Structures are given as C-alpha cells and as structure tokens.
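Report on the structure given below.
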Amino acid sequence: MKRIPGAPEGALHIAGSTLYVPGLTNSGYVDGLVIDTGPDESVYEFASADRLAITHGHADHFACGAYLRKRGATVVAARDDASMVENPDINIRGMFSWAKPGDLLVSKLFRGTPCRVDALVEQWRDRRATPVSLPGHTLGHTGFLTADKVLFTGDALYLEALWARHPLPYAIDPDMVAESLRHIREIDFDWLVPGHGVLVDRETAEKDITFHLARIAEIEAWILDKLVVPYTTEECIALVSAERGLSDNPAQYWLAVTTVKGYLGDLLTRGLLEFSVVNHAGTWRTAS
Ligand SMILES: [Zn+2]
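For the sequence shown, position 200 matches number 1149 in this note's numbering, and the numbering has no gaps at all.
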C-alpha cells in the first residue's frame, strides 16, 4: 500500500479520507485528526496531527497522547473521562474503592502515561468526525463517526472473535453498554473500527452487536439463576469469574470486581436482585 503524506506509519485506507493504523489498540486518522493511539510513538514520527480525540480514559487508548500533544496536537476527551486521561491513577484508586493500593497490587495494565486534556468532547466542532456518546464501558465513553461513514467505537463493542480472550468484557454498567450497542445499530455507518480487533463492514458489525447483546443477556440470566441462594459480593465475583472461564490472576480479578459489581448494580436497580448486609458482608439474592 502506498504511503499517504502526513499519515501515520502503517496507516491503511478505509474510505474517503479515513485511515486507520491497525494494532494492539486501533487508531484512526482523518486529515490530521487522530482517534485513539496505539502504544508505538514511532508511528507518528512523520505524521501531521493537529487533534487527538480519545474514546475513553483507559491508558491503552492514549499511550501516545502526551507525545502527540508535545508535538502540537489538541487533546480532546469527554468530561467524564478527562480526569482519567490526565491522571490514570484514578482508575487504580477507583478499582480499589478509593483506598490506596500497594504497588504490588497494581498491574502494568492499569498504569499509563498521563496526558493533559485541552478540550472536552462536549464542545466538539470539527467536521472531520462527529462524536457519538456510547457510555457503559466507562461513563464518558465516546465513539467517533467520520464524514466517510467510518465509526470508531473504542471499547463499546467487543467483536465475537475477541470474546474467547475476554469472556467478561470490562463494563462499569453492562445495561448501559447494551443501550450503547443498540444505539450503534441506529447509526448510519459503512465500516466499524473497534478499539481492539479487526475492521468490519456494516453487515459483520450487526452480527457482532447481536452477539455482544446476547452475551450480556446470558450473563444477567445466569446471575439471576444462581442467586436464588444468597451470596456475598466477593462470592458473586468468584462465581461469575469461574463461570466465564477467567484466569485466576490479579489483573483479571480486578477487572472482574468492577464488571461483576456493574451487573449486580444494574440488576438491583431493575428490581431483579435484592441487597442486604448479613454478618457484615454485602449479600445479594434474586428478588422474590
Ligand atoms: Zn477500555
């Protein structure tokens, strides 16, 4: 493929002016607008980038943020996620109920390079792309639809192929994730670039959305079925993790803590679970 002047190294053409750099985290590029970044700064060494739009405040989506900003890019993130971009430690603190975890507890996955945010998505004015609010993975999670009908969805959608490695995708609110997936369906796009995994066309994306929605419903149903007997929060985390086939390691555990609590909170809000404190332990059971 021929190299497009000003574009990041390795960028591939999708449609019109929209390109993307496939990688550990996929990154979009439209005439100087960068959408998320992968981990490799050298990709942008000869690129012209005047703006970086970040889908959400997880460090693997803005690893080159500080580098691009130093080279003149304006960094944009949603209000609810901007603080996590500026201070990735907030994710670690939140994960540990705001107590200060010891360094040994904190896996590399959660560490990141802080990046100042210059503008909020809420004030977006840039014809190269339109922000689309897709909350649930994080509260401020935002997708970007380019003028060429390419939709960058960050971590809002996990493609079917990704579920083998991520059987319990991180979500602060799975019900909100489901709502965002239904919203994606209503958007007029031809191509979809997820944060992780391959570029897909509209037809394939529809199937992946259906698959993701079915998994959320399946996990909810499994929890409601299991919790006819009461379990503590910690037991619920272990039960769901085992059922989903997660590996027994601290990084997986800490992600599951948030996601399982997300499910419990949703089901409680919808009146399908009951919560009480029994023998000083938070305890959940299916509503009678
Ligand atoms: Zn993420």
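Glycine included, every Cβ here is placed at the ideal spot set by N, Cα and C. These figures come from a predicted structure and were not determined experimentally.
For residue i, which residues of its own chain have a beta-carbon under 8 Å away from its beta-carbon, when the five flanking residues on both sides are left out?
i, result
"residue 1180", "1188, 1232, 1233 and 1234"
"residue 1213", "1172, 1182, 1185, 1222, 1224 and 1233"
"residue 1226", "1232"
"residue 1220", "1236"
"residue 994", "958"
"residue 953", "960, 962 and 968"
Please confirm whether residue i has its beta-carbon closer than 7 Å to some beta-carbon of chain B.
i, result
"residue 1039", "The chain inventory of the structure shown lacks chain B, comprising one protein chain alone."
Leaving out the 5 sequence neighbours to the left and right, which residues in its chain are closer than 6 Å to residue i when beta-carbon positions are compared?
i, result
"residue 1177", "1235"
"residue 1095", "967, 979 and 1078"
"residue 962", "968"
"residue 965", "1097"
On a CA-only basis, which of the options is nearest residue i? Give me that one, please.
i, options, result
"residue 1087", "1142, 1174 and 1208", "1208"
"residue 1063", "1077, 1042, 1014 and 1110", "1014"
"residue 1109", "1163, 1136 and 1192", "1163"
"residue 1050", "1153, 1094 and 1199", "1199"
"residue 1016", "1061, 1212 and 959", "1061"
"residue 1202", "1124, 1065, 1137 and 1045", "1045"
"residue 1151", "1143, 1157, 1159 and 1139", "1139"
"residue 1007", "965, 1132 and 1036", "1036"
"residue 1081", "1237, 954 and 1134", "1134"
"residue 989", "972, 997, 983 and 1137", "972"
"residue 1072", "1002, 1085, 1127 and 1228", "1002"
"residue 1098", "960, 977 and 953", "977"
"residue 1206", "1196, 1194 and 1190", "1190"
"residue 1193", "1128, 1146, 1112 and 997", "1112"
"residue 1089", "1029, 1021 and 999", "1029"
"residue 1218", "1075, 954, 1083 and 1169", "1169"
"residue 1147", "1132, 1167, 1107 and 1125", "1107"
"residue 1083", "1167, 1070, 1196 and 983", "1070"
"residue 1005", "1196, 1144, 1228 and 1155", "1144"
"residue 1074", "1000, 1125, 1038 and 1052", "1000"
"residue 1100", "1154, 1052, 1197 and 1047", "1154"
Tell me whether the beta-carbon of residue i lies closer than 7 Å to the beta-carbon of residue j.
i, j, result
"residue 1092", "residue 1079", "no"
"residue 956", "residue 986", "no"
"residue 1120", "residue 1211", "yes"
"residue 1204", "residue 1161", "no"
"residue 1123", "residue 1009", "no"
"residue 1105", "residue 1066", "no"
"residue 975", "residue 1142", "yes"
"residue 1158", "residue 1127", "no"
"residue 981", "residue 991", "no"
Take residue i and list the residues in its own chain whose beta-carbon comes closer than 7 Å to its own, dropping the five residues that flank it on each side.
i, result
"residue 1175", "1188"
"residue 1019", "none"
"residue 1137", "1098"
"residue 959", "970 and 992"
Taking only runs that begin and end inside the stretch 1127-1204, name each unbroken beta strand (DSSP E) of 3 or more residues, in chain order. 1140-1143
Those runs of the alpha helix (DSSP H) which lie wholly inside the stretch 973-1037 and span at least 4 residues: 1014-1019 and 1028-1035
Under 8 Å, with one C-beta from each stretch per pair, do the stretch 1023-1038 and the stretch 1111-1120 reach the 3-pair mark? no
For ligand 3, residues whose Cβ lies under 5 Å from any non-hydrogen atom: Absent from the structure shown: ligand 3. Ligands present: ligand 1.
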